[in-house]
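Residue numbers (our numbering), protein chains in the order written: chain A, 490 to 771; chain B, 802 to 1163; chain C, 2 to 313. Glycine included, each C-beta is placed from N, C-alpha and C at the ideal position. Notes follow once the structure below has been shown.
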Amino acid sequence: MLEARAVTVERRGRKLLDDVYVKVPPGRVTAIVGANGSGKSTLMKALAGEMKPCDGDVLLDGRNLKAFTAADLARRRAMVPQATSLSFPFIVIEVVRLGASVPGFDAITTRAHAIAEEALLAVDLAAFRERLYYELSGGEKQRVHIARALCQLAAATRGPQDSAMLLLDEPTASLDLPHQALVLDQARQQAEAGRAVAVVLHDLNLAAAWADELIVLKSGRVLARGAPAAVFNDALLSEAYGCPIRTNATPAPGTPYLLPHLLRLLPHAARRDRRTFPSLLS
Amino acid sequence: MQDATPALPLRATVDREVTGARVIAGSVAVLVIALFLSLSVGATGVTLSSLPRAAWGAIQGSTDPVLAREQLILLGIRLPRTILGLFVGAALGVAGTMMQGLFRNPLADPGIVGVSSGAALAAVATIALGNGLFLPWTRAFGVYALPFAAFLGGFATTILLVAIAGRQGQMMVGTLLLAGIAIGAIAGALTGLIAYASDDRELRDLTLWSMGSLSGASWPKVVAILPFALLVLIVLPKVIRALNGFLLGEAEAFHLGVDTERIKRLVILTTAAAVGAAVAVAGVVGFVGIVVPHLVRLLAGPDHRFVLPGSALLGASLLLVADVIARMIVRPAELPLGIVMAAVGAPVFLHLVLRRGIGGVE
Amino acid sequence: MKLGRHAYVALCLAGGLAAAAALAGPARAETVVTDSGGRQVRIADASRILSIGGDITELLYALGAGTRIVAVDTTSQHPPEALKEKKSVGYMRALSAEGVISVDASLIIASDRSGPPEVVKALKAAPVPYVEVGEHLDAEGVVKKTRLVAGIVGLEQAGEELAARLEREFAGLAAMRSRITRPARVLFVLNAGGGRVTVGGGGSSADAILKLAGAANAAAGVSGFKPLSEEALADLQPEAIVTMRRSGGNHDTDQLLAVRGMAATPAVVARRIFSMDGLYLLGFGPRTPSAALDLMRALYPDLPWKREEPTR
């Protein structure tokens, strides 16, 4: 389990995170939501070990993150940041394979290659296998990195007591509706396989549909946490976002609104479309 | 409810693994040819067929003058020159690759961390002040005063740079780049100042040095560079995965398990040592460091598993071939190496760029 | 008597052979010379010479050993046939070890200014004898150099003659110098292109030739050949200027005249700008006395010159 205790991150006199307590338990999807600048990405970076807190600790399986080497960490957690830039002519499958090229991993085995192929399939990019990465659209590039993270988690060798975590920072930002569903379903599958999954989402509907627990941040502090049904109340969300929000309401007559084909919301129709990839869940 | 996933064939049609392996094999072949050329071609017309009897003569201690001449040419002149050329080309190729990977900048060259400008400053100071302020130095090291000074100057400049950029514990790559530019400019200004105040003859010497040459090759120099060659060989495999990770950005490299601070220091200091040694024995040889990594990437893709060894092999080959041309084209005189490198390499590179596109430079 | 006639023919033949042997020179016993660097060098065969250094090449030709030269360097520009007829090993300070060996010389005579130092070191250790000849920028040095080079190639007699002649000429120069009442301030311009004017300062070969010609070096304040700024140039106020003659016109003179402030100097006002050949003036070879003399004539036309003084 990944846990943040009293984490405070300060930069240039500004508190990006202030005394934050967060638990990312295995087997569940935890969504982190909040307005722009509320500290979501900072929290993810702290949980990933990328940013060191000025105060407080981040613990992984009870041990402080600082005690882990970069390679040790990489064996237990994979992170997909908001944006990644790559200025060299890699092809897509090579970028995915980079997930398995962690120091200490055996990256050149057929197993690692097979995992990479499956990861690519899982994000629906099999047709892009030999395309040059930089030719892809924003959404496609994002999926490549998600595949890379899945590959990293699957290719790592872990002890029986070691947790595995998937951290996703706005993975759906550039994705269209079907792919949003696809990616979040993969995240759910990872959680169902016993991994701890934390996702930063800007879309509350997605969060409500896919997460087991929501953590609402405001100005670097945890405003509320709980199951979606509990967190979805007008007062709370209006305060979090600083604008009037009505939950579970119907729109004014004549205003169309959209309920996407989300696998969780319409389960009976969805199950037959669900694709699983065993090698990514081992 | 469970969907069976279809069996996945591991397609190898445009598989970079195969291409990469082929490029490495091809580079080894090219290097072997280049080594052969460098040892068997020369102004005196002595060929490798004389090698067995020359070597035998050396072992026997024969005093036959014809044999002595062949020994001198093959073992005393061409062999150390070939070994040095091999080292310089490989070192510059590898250094260029590492710098381009670390700074995620396909236009970085080995000198970006200040080592070339520092070496040039030390060289011009030794040339201009060797009989004045630096006389004790020149007296102490004799013929090796200039190479030793060049190495120290280059390495010291990089240490200074690393110290400046790493002040807050974390070495910021962006700071390193900018500080490198600033220090390079300072070193350049000082170099220019000394050059301006120096004699006509000293100026000519400096110009020649900055055009690069392997003509001063000798066995002591070969022995001197051996530790650096070893250093590069040891460090190379350790940084392959790290550099691949760095291409995604430092944060991503960390997520992929790379100890970024350690790798940054290791790569920069290795580059400084290797390039410092190369510049010390051959003067300033441009072109190899920037272009050879690109050449290899054009052929094998950007995976450092292939680019690093490929750059070493191809860099060495290119330098050796250029050196052969340099000493044959106006024999019995000799052209500076850097000029031949640029004159031969640039059109080839341009041709490749136009045909295949440099690709992927965002 | 038949015997007498045969004996006479035999004697003539023997005498002829002996004379030929004496004149041939190269076929002689091994000698050991001490070069300018203090090294002892064994020379067995001086028949194929590699000459590195314009002054050394000039000396060899003046001694009559020009035919023995197999290769020269690019500074060996006098006589013109040197570079035309002989192979070139390139610039004196950028020699190639294998290249030098490939010309198959039996003797290398090189100026001590040759380089790069590692190549010189390797050549000194090579089987071919390498004799280093130092640069001396005065009359005594030139004469000494003449005798040294003559000794190296086994032409001691020709060397003595040449040395003696040079000594006479230098003495004549010294005599004319003593007649100079007031030395002229002369500026020696090595080149003047691209906005940079390089002058010969104190300690340079230009300074030495000016001294020989009885002139005062206007640029004595700088040392060696250095570029000067426009202001500094004009400040020197030379009474005469010497520039290097180049093939294709006197560009240097034009460049020089274009420098602001030069127009007002006594040299330009009196149109006392002289163009002379670089190697002639600065080579410090056997033509040095006549070069200094020509310079002196140009600078001091009013001295009591004898009409028989040879010029070139």
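Residue i classed as buried or exposed, judged by whether at least 16 other C-beta atoms fall within 10 angstroms
i, result
"Ser771 of chain A", "exposed"
"Gly65 of chain C", "exposed"
"Glu82 of chain C", "exposed"
"Ala28 of chain C", "Residue placement at Ala28 of chain C is flagged as unreliable, the pLDDT there being 46, under the threshold of 50; the coordinate-derived value follows with that caveat. With fewer than 16 other Cβ atoms within 10 Å, it is exposed."
"Glu629 of chain A", "buried"
"Ala25 of chain C", "With a pLDDT of 49 at Ala25 of chain C, under the threshold of 50, the predicted position of this residue should be treated as unreliable, and no value is reported."
"Pro660 of chain A", "buried"
"Trp306 of chain C", "exposed"
"Asp74 of chain C", "buried"
"Arg1156 of chain B", "exposed"
"Ala680 of chain A", "buried"
"His668 of chain A", "buried"
"Thr182 of chain C", "exposed"
"Phe1055 of chain B", "buried"
"Arg43 of chain C", "exposed"
Near the ligand SAM: residue i beta-carbon under 7 angstroms from a heavy atom
i, result
"Gly894 of chain B", "Among the components modelled here there is no ligand, and therefore nothing to report on the ligand SAM."
Proximal chain B residues relative to residue i, where beta-carbon distance stays under 8 angstroms
i, result
"Gly91 of chain C", "Val1131, Pro1133, Ala1134 and Glu1135"
"Phe579 of chain A", "Leu1048, Gly1102, Pro1103, Asp1104 and Gly1161"
Proximal chain B residues relative to residue i, where beta-carbon distance stays under 9 angstroms
i, result
"Glu539 of chain A", "Ala1052, Phe1055 and His1056"
"Ser574 of chain A", "Arg905, Leu1049, Gly1050 and Glu1163"
"Arg94 of chain C", "Arg1002, Arg1005, Asp1006 and Leu1009"
"Leu191 of chain C", "Asp1001"
Nearest-angstrom beta carbon gap, residue j and residue i [assumed within contact, 8 angstroms]
i, j, result
"Pro570 of chain A", "Glu1053 of chain B", "7 angstroms"
"Leu1044 of chain B", "Leu908 of chain B", "So it is not a contact: roughly 16 angstroms between Cβ atoms."
"Ile102 of chain C", "Ser52 of chain C", "Going by Cβ atoms, the distance from Ile102 of chain C to Ser52 of chain C rounds to 15 angstroms, so no, they are not a contact pair."
"Ser48 of chain C", "Ser107 of chain C", "6 angstroms"
"Thr147 of chain C", "Leu167 of chain C", "6 angstroms"
"Ile1069 of chain B", "Val963 of chain B", "6 angstroms"
"Gly528 of chain A", "Leu706 of chain A", "5 angstroms"
"Ala951 of chain B", "Gly931 of chain B", "Their Cβ separation, rounded to whole angstroms, is 13 angstroms, which puts Ala951 of chain B and Gly931 of chain B out of contact at 8 angstroms."
"Ser1118 of chain B", "Gly897 of chain B", "Ser1118 of chain B to Gly897 of chain B, Cβ: 15 angstroms. No contact."
Listed by chain order, chain C residues near residue i by CB distance under 8 angstroms
i, result
"Gly1017 of chain B", "Pro117, Pro118, Glu119 and Val120"
"Arg879 of chain B", "Glu99"
Chain-ordered neighbours of residue i on chain A, where CB pairs are closer than 8 angstroms
i, result
"Arg1042 of chain B", "Ser590, Val591, Pro592 and Ala596"
Proximal residues of chain C, C-beta to C-beta of residue i below 7 angstroms
i, result
"Gly843 of chain B", "Glu99"
"Pro866 of chain B", "Pro128"
Chain B residues whose Cβ lies nearer than 7 angstroms to that of residue i
i, result
"Val104 of chain C", "Pro1133"
"Ser626 of chain A", "Ordered by position in chain B, no residue passes the 7 angstroms Cβ test against Ser626 of chain A, which lies about 14 angstroms from the chain."
"Lys87 of chain C", "Those do not exist, as Lys87 of chain C stays about 11 angstroms from chain B at its closest Cβ, beyond 7 angstroms."
"Met568 of chain A", "His1056"
Closer than 7 angstroms at the beta carbon, the chain A residues around residue i
i, result
"Arg817 of chain B", "Ile580 and Glu583"
Partner residues on chain A for residue i, Cβ-Cβ distance less than 9 angstroms
i, result
"Val1145 of chain B", "Those do not exist, as Val1145 of chain B stays about 25 angstroms from chain A at its closest Cβ, beyond 9 angstroms."
Evaluate the contact criterion for the region 1081-1088 of chain B versus the region 1105-1115 of chain B: three or more CB pairs, one atom per stretch, below 8 angstroms. no
Are there three or more Cβ pairs, one per stretch, closer than 8 angstroms when the region 952-960 of chain B is compared with the region 910-925 of chain B? yes
Return the chain-ordered ranges of every alpha helix (DSSP H) run that is complete within the region 712-742 of chain A and spans a minimum of 4 residues. 717-720 and 723-730
Do three or more CB pairs link the region 564-579 of chain A to the region 651-659 of chain A at distances below 8 angstroms? yes
Ignoring anything shorter than 3 residues or poking outside the region 156-202 of chain C, list the beta strand (DSSP E) runs there in chain order. 186-194 and 197-201
Any contact between the region 868-882 of chain B and the region 1048-1062 of chain B? By contact I mean 3 or more CB pairs, one from each, below 8 angstroms. no
Would the region 584-602 of chain A count as touching the region 629-642 of chain A if we require 3 or more Cβ pairs under 8 angstroms? yes
Taking contact to mean 3 or more Cβ pairs, one atom from each stretch, closer than 8 angstroms, check whether the region 493-505 of chain A and the region 528-543 of chain A are in contact. yes
4-residue-minimum alpha helix (DSSP H) runs that sit fully inside the region 1095-1130 of chain B, ordered along the chain: 1105-1129
When you compare the region 919-926 of chain B with the region 980-993 of chain B, are there three or more beta-carbon pairs, one atom per stretch, that lie closer than 8 angstroms? yes
What are the uninterrupted segments assigned as beta strand (DSSP E) that are 3 or more residues long and contained completely in the region 879-920 of chain B, given in chain order? none
Only counting runs of 4 or more residues, tell me where the alpha helix (DSSP H) segments fall wholly within the region 812-840 of chain B, in order along the chain. none
Within the chosen definition, does the region 204-213 of chain C reach the region 183-194 of chain C through at least 3 CB pairs nearer than 8 angstroms? yes
Between the region 251-264 of chain C and the region 218-225 of chain C, do three or more beta carbon pairs fall short of 8 angstroms? no
Check whether the region 862-869 of chain B touches the region 997-1014 of chain B, taking contact to mean three or more Cβ pairs, one atom from each stretch, closer than 8 angstroms. no
Taking one C-beta from the region 1141-1152 of chain B and one from the region 113-129 of chain C each time, how about it: are there three or more such pairs within less than 8 angstroms? no
Between the region 843-853 of chain B and the region 1069-1078 of chain B, do at least 3 Cβ pairs fall closer than 8 angstroms? no
At a cut of 8 angstroms, does the region 1120-1129 of chain B reach the region 884-898 of chain B through at least three beta carbon pairs? yes
With a floor of 4 residues, list each alpha helix (DSSP H) that falls wholly inside the region 522-549 of chain A, ordered by position along the chain. 529-537
If you pair each beta-carbon of the region 279-298 of chain C with each one of the region 221-238 of chain C, do three or more pairs fall below 8 angstroms? no
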